[in-house]
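Below is one structure, written out as structure tokens; the observations come after it.
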Amino acid sequence: MKIFLAIIIVFLLSTLNLLLMDYLLGFSFYDSFLHLLNPFWVMSNAEYIMLAALFLIVIGQQIFMIIKKKEKRYRSN
1 MKIFLAIIIV FLLSTLNLLL MDYLLGFSFY DSFLHLLNPF WVMSNAEYIM LAALFLIVIG
61 QQIFMIIKKK EKRYRSN
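So for the sequence shown, full-length UniProt numbering puts the first residue at 1; every next one is plus one.
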């Protein structure tokens with residue numbers, strides 16, 4: 001129960017932080033709420049490239065680990 005409460009508190013604080021940051025940037029609360037619900041609508045092209053690079057790194061790392069394990073099994077046999 002304590003972990004669930006901690007997760008809820010962190011979620012609420014991070015949501016409030018995002019709303020306040022948009023409000024401080026000059027957006028209305030309605031626009032801030034829309035940015036919160038649809039974060040990919042406000043991303044620029046550079047941010048899309050960074051997101052794609054992050055996905056490629058994560059997926060590439062998993063593929064590398066699978067290949068490394070198969071190679072290790074092949075050497076031990």
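Note that the Cβ used here is the ideal one computed from N, Cα and C, for glycine as well. Since the model is a prediction, treat every value here as computed from it, not as a measurement.
The segment 23-35 makes no contact with the segment 50-64: fewer than 3 CB pairs, one atom from each, lie closer than 8 Å. Pairing Leu36 with Leu20 gives a Cβ-Cβ distance that is not under 8 Å.
When rounded, the separation of the alpha-carbon atoms in Ile63 and Lys70 is 11 Å. In the three-state scheme derived from DSSP, where H, G and I count as helix and E and B as strand, Asn38 is classed as coil.
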